[in-house]
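S.K.: Just so we're aligned: 427 in full-length UniProt numbering is position 427 of the sequence shown, and the numbers increase by one with no gaps anywhere.
Backbone N, C-alpha and C fix where the C-beta goes; we use that ideal spot for every residue, glycine too.
Please read all numbers here as calculations on a predicted model, not as lab measurements.
I'd like to ask some things about the structure below.
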Amino acid sequence: MSKIKQAVDGTGEASAEPSPDHYDRLQELKAFDESKSGVKGLADAGISKVPRIFLRPADELASDYPIFGTHLKIPVIDFGIRRSSVVDGVRRAAESLGFFQVVNHGVPTGALEGMLRAAGGFHELPREVKMMFYSRELERRVKFGSNFDLYQSRDVTMDYSKQIKRLGTTLFELLSEALGLKPDHLLSLDCAKGHAILSHYYPACPEPELTMGTTKHSDPDFLTILLQDGIGGLQVLHQSQWVNVSPVPGALVVNIGDLLQLMSNDKFKSVEHRVLVNHDGPRVSVACFFTPHLYPSTKMYGPIKDLLSEDNPPDSNNGLFQPSAALSKMWRMGGCSWKREKLYLERDFGLSWEDRGILVEPLCPRCHQAQETIDHLLFSTVRQTDSKSLLMELKVTTLGKQVLQLAWVVRDSCGYLRGYGDKQATTNSALGAEYKALF
Ligand SMILES: O=C(O)CCC(=O)C(=O)O
Ligand SMILES: [Fe+2]
Numbered sequence: 001m002s003k004i005k006q007a008v009d010g011t012g013e014a015s016a017e018p019s020p021d022h023y024d025r026l027q028e029l030k031a032f033d034e035s036k037s038g039v040k041g042l043a044d045a046g047i048s049k050v051p052r053i054f055l056r057p058a059d060e061l062a063s064d065y066p067i068f069g070t071h072l073k074i075p076v077i078d079f080g081i082r083r084s085s086v087v088d089g090v091r092r093a094a095e096s097l098g099f100f101q102v103v104n105h106g107v108p109t110g111a112l113e114g115m116l117r118a119a120g121g122f123h124e125l126p127r128e129v130k131m132m133f134y135s136r137e138l139e140r141r142v143k144f145g146s147n148f149d150l151y152q153s154r155d156v157t158m159d160y161s162k163q164i165k166r167l168g169t170t171l172f173e174l175l176s177e178a179l180g181l182k183p184d185h186l187l188s189l190d191c192a193k194g195h196a197i198l199s200h201y202y203p204a205c206p207e208p209e210l211t212m213g214t215t216k217h218s219d220p221d222f223l224t225i226l227l228q229d230g231i232g233g234l235q236v237l238h239q240s241q242w243v244n245v246s247p248v249p250g251a252l253v254v255n256i257g258d259l260l261q262l263m264s265n266d267k268f269k270s271v272e273h274r275v276l277v278n279h280d281g282p283r284v285s286v287a288c289f290f291t292p293h294l295y296p297s298t299k300m301y302g303p304i305k306d307l308l309s310e311d312n313p314p315d316s317n318n319g320l321f322q323p324s325a326a327l328s329k330m331w332r333m334g335g336c337s338w339k340r341e342k343l344y345l346e347r348d349f350g351l352s353w354e355d356r357g358i359l360v361e362p363l364c365p366r367c368h369q370a371q372e373t374i375d376h377l378l379f380s381t382v383r384q385t386d387s388k389s390l391l392m393e394l395k396v397t398t399l400g401k402q403v404l405q406l407a408w409v410v411r412d413s414c415g416y417l418r419g420y421g422d423k424q425a426t427t428n429s430a431l432g433a434e435y436k437a438l439f
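Below you can see the structure in the form of structure tokens.
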């Protein structure tokens, strides 16, 4: 029996780190998966060491950016002040840090507190109950937004969802104005039409410096509104330094997503961020993503024409982006964006962004839908200026595995497991084979 399984079952010693000589990564992954207990299961078992499958690679640790001193703070914008000042504040933040916090935002404190309790409550259900929902099947997942009735907090989540949609609408109006557009411009492009709510639960970690809660990423949506509890750990990358997003009671954190960066022709910044884990915990956060991926749509998203001029031509790195019903599944599988797609192509396959237009091989032998989804994803992203996008046949089974893995990681939404997935999925091509073995 593996050390991880022993730790989860309570049948072994607390330490789950195998000796380097006897490290069988696949076995550890399988054991973790089969325990169906997530990272919280490890924390509950009282492990004193982070299992090796979750350790940050040494080269990543060594090349990490420093943490900014306390003098740079994520701006806190009070929505109770004059509208023109609010718009100014939103513009400044969206153009520089890509992140801001809002207070006096109109979402009642009860809804915020209730949502955090509900989100934490799910993860704190007895292991036997949660196990029933543990799955890597695409259509069954432990995830807020699509499985409300899996647990008792349906009403709380629905109420929060309504409140947050209202705030999202206000934010899109302010952001439109901040771009010099009519207040309803972004709303008329359906920016507030769909949103997904995803909860995170980061258990207290015995060795937080060796792992990561959520690895560095940018959000692939229009906009994210994040509710975090008082623990802290969220950091934003700014000028090659990590800036803490310190919890402010009653505040909501807002950040620009990749799509809004694209639409604003890079005026607004979708910045990379990550979440550290902590000796204290658990930390609970609830992210609400405003995204077009959740409903069928033929809209194309690219730089807003009114923002373009001879002095401000479309950014040549931008692609046009078309969501689709199939793409919506893709997004729910773990998120993908033109940025991430570009990264996969360039870094993992040595292909240029210009060479896109890809035929995808079946991804998952057991899951036909995933195959359709990826087909649509890659075909529905077309380059704005490139009329001769060529169709290349590419054996992307590995890419497929990586995406599926990412999905699994996101779905677990739990602690340093995400740290395992996001980073290595795109850098370690051998991982595809590892995951293949899991099916
Ligand atoms: O947990 C957090 O604070 C942030 C999570 C996050 O960045 C995300 O879900 O995209
Ligand atoms: Fe994020």
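Are the beta-carbon atoms belonging to GLY257 and ALA43 less than 9 Å from one another?
M.R.: Cβ distance not < 9 Å, so GLY257 and ALA43 don't count as in contact.
S.K.: Under DSSP, the alpha helix (DSSP H) around LEU259 begins and ends at which residues?
M.R.: Note, LEU259: alpha helix (DSSP H), 258–263.
S.K.: For SER35, count neighbouring C-beta atoms within 10 Å of its own C-beta (all shown protein chains included) and say buried if the count is 16 or more, exposed if not.
M.R.: With 16 or more other Cβ atoms within 10 Å, it is buried.
S.K.: Pull up the DSSP beta-bridge partners for CYS205, would you.
M.R.: According to DSSP, CYS205 bridges with nothing at all.
S.K.: Quick one: does the C-beta of ALA228 sit closer than 8 Å to a heavy atom of ligand 1?
M.R.: A quick correction: the sequence has Gln, not Ala, at residue 228. Yes - ligand 1 has a heavy atom lying nearer than 8 Å to the Cβ of GLN228.
S.K.: Determine the closest residue to HIS200 out of LEU262, LEU181, GLY110, GLU124, with distance taken between C-alpha atoms.
M.R.: Nearest C-alpha to HIS200: GLU124.
S.K.: With 16 other CB atoms within 10 Å as the buried threshold, where does PHE321 fall?
M.R.: Residue confidence is low: PHE321 scores 49 on pLDDT, short of 50, so the model does not pin down where it sits. No coordinate-derived value is stated.
S.K.: Do residue 452 and LEU223 have their C-beta atoms closer together than 9 Å?
M.R.: In the structure displayed, the chain extends from 1 to 439; residue 452 sits before or after that span and is not available.
S.K.: Using a 10 Å radius around the Cβ and a threshold of 16 neighbouring Cβ atoms, would you call CYS364 buried or exposed?
M.R.: Below a pLDDT of 50, predicted positions are generally treated as unreliable, and CYS364, at 30, falls in that range; the measurement from the model is reported next regardless. CYS364 is buried by the Cβ-count criterion.
S.K.: Going by other Cβ atoms of all chains shown within 10 Å of its Cβ, with 16 needed for buried, is MET212 buried or exposed?
M.R.: The residue is buried, with at least 16 neighbouring Cβ atoms inside 10 Å.
S.K.: Can you give me the C-alpha to C-alpha distance between PHE68 and ASN312, rounded to a whole angstrom?
M.R.: Near 32 Å, if we compare the C-alpha coordinates of ASN312 and PHE68.
S.K.: Going by beta carbon distance, what residues of the same chain come within less than 7 Å of THR178, once the five residues before and after it are set aside?
M.R.: Looking at the sequence provided, one finds Ala at residue 178 rather than Thr. Cβ neighbours of ALA178 beyond the five flanking positions: VAL87, VAL90, ARG91, ALA94.
S.K.: Can you give me the Cβ contacts of GLN228 inside the same chain, cut-off strictly under 7 Å, excluding the 5 residues immediately before and after it?
M.R.: Excluding sequence neighbours, GLN228 sits near LEU234, PRO247, VAL253, SER285.
S.K.: Give a yes or no on whether the C-beta atoms belonging to TYR160 and LEU112 are separated by under 9 Å.
M.R.: Closer than 9 Å, so yes.
S.K.: By how many angstroms is the C-alpha of VAL102 removed from the C-alpha of ASP348?
M.R.: Any reading at ASP348 needs caution, since the residue's pLDDT is 49, under 50, leaving its predicted position unreliable; the model's value is listed next. If you take the alpha carbons of ASP348 and VAL102, they lie about 38 Å apart.
S.K.: Report yes if the C-beta of LEU171 is less than 8 Å from at least one heavy atom of ligand 1; otherwise report no.
M.R.: Not under cutoff, so the answer is no.
S.K.: Is any non-hydrogen atom of ligand 3 found closer than 8 Å to the C-beta of ASP219, if you look at the structure I gave you?
M.R.: Ligand 3 is not among the ligands present in this structure, which contains only ligand 1 and ligand 2.
S.K.: I think ALA196 touches THR291, with their Cβ atoms under 8 Å apart; what is that distance to the nearest whole Å?
M.R.: 6 Å between Cβ atoms; contact.
S.K.: Using a Cβ-Cβ cutoff of less than 6 Å, which residues in the same chain neighbour PRO57 once the five nearest sequence positions on both sides are dropped?
M.R.: Once the five neighbours on either side are set aside, PRO57 has no close Cβ partner at all.
S.K.: Are there any heavy atoms of ligand 2 lying less than 8 Å away from the beta-carbon of ASN255, as far as the coordinates show?
M.R.: Yes, ligand 2 has a heavy atom inside 8 Å of this Cβ.
S.K.: Distance check for ILE304 and ASP221, CA to CA, integer angstroms please.
M.R.: Cα to Cα, the separation comes out at about 16 Å.
S.K.: So what does DSSP say about VAL50, is it helix, strand or coil?
M.R.: Of the three classes helix, strand and coil, the one that applies to VAL50 here is coil, per DSSP.
S.K.: Counting along the chain, where does the alpha helix (DSSP H) carrying SER85 start and finish?
M.R.: Segment 83–95, the alpha helix (DSSP H) holding SER85.
S.K.: Please name the residue in VAL50, GLY38, ASP24, ILE74 whose C-alpha comes closest to that of HIS238.
M.R.: The residue with the shortest Cα to Cα distance from HIS238 is ILE74.
S.K.: Excluding the five sequence neighbours on either side, which residues of its own chain have a C-beta within less than 6 Å of the C-beta of residue 441, listed in chain order?
M.R.: Nothing can be reported for residue 441, as the shown portion of the chain is limited to 1 through 439.
S.K.: What residue range does the alpha helix (DSSP H) around LYS40 cover?
M.R.: Element bounds for LYS40: 38–44.
S.K.: Express the C-alpha separation of ASP59 and THR427 in angstroms, rounding to a whole number.
M.R.: In this prediction, THR427 scores a pLDDT of 23, lower than 50, which makes its location untrustworthy; the coordinate-derived value is nonetheless stated afterwards. So the alpha carbons of these two residues sit roughly 12 Å apart.
S.K.: Is the closest heavy atom of ligand 2 to the C-beta of ALA94 under 8 Å?
M.R.: No, the beta carbon of ALA94 sits no closer than 8 Å to any heavy atom of ligand 2.
S.K.: Taking VAL271 as the reference, give the member of ALA119, THR170, PHE289, SER218 with the closest Cα.
M.R.: Cα-wise, what sits closest to VAL271 is SER218.
S.K.: Just to confirm the assignment, what range does the beta strand (DSSP E) spanning SER270 have?
M.R.: Segment: none, SER270 is in no beta strand (DSSP E) and carries neither H nor E.
S.K.: Does the Cβ of THR291 lie closer than 8 Å to at least one heavy atom of ligand 2?
M.R.: THR291 Cβ: outside cutoff for every heavy atom of ligand 2.
S.K.: Taking buried to mean at least 16 other C-beta atoms within 10 Å of its own C-beta, is GLU28 buried or exposed?
M.R.: Classification of GLU28: buried, given that the 10 Å Cβ count is 16 or more.
S.K.: Classify LEU237 as helix, strand or coil using the three-state DSSP reduction.
M.R.: LEU237: strand per DSSP, three-state reduction.
S.K.: Less than 8 Å separating the Cβ of ALA287 from some heavy atom of ligand 2?
M.R.: Yes; taking the cut-off as 8 Å, the Cβ of ALA287 has a heavy atom of ligand 2 nearer than that.
S.K.: Per DSSP, what are the beta-bridge partners of HIS217 in this structure?
M.R.: Partner(s): HIS273.
S.K.: Answer with buried or exposed for GLU128, where buried requires no fewer than 16 other C-beta atoms within 10 angstroms of its C-beta.
M.R.: Classification for GLU128: exposed.
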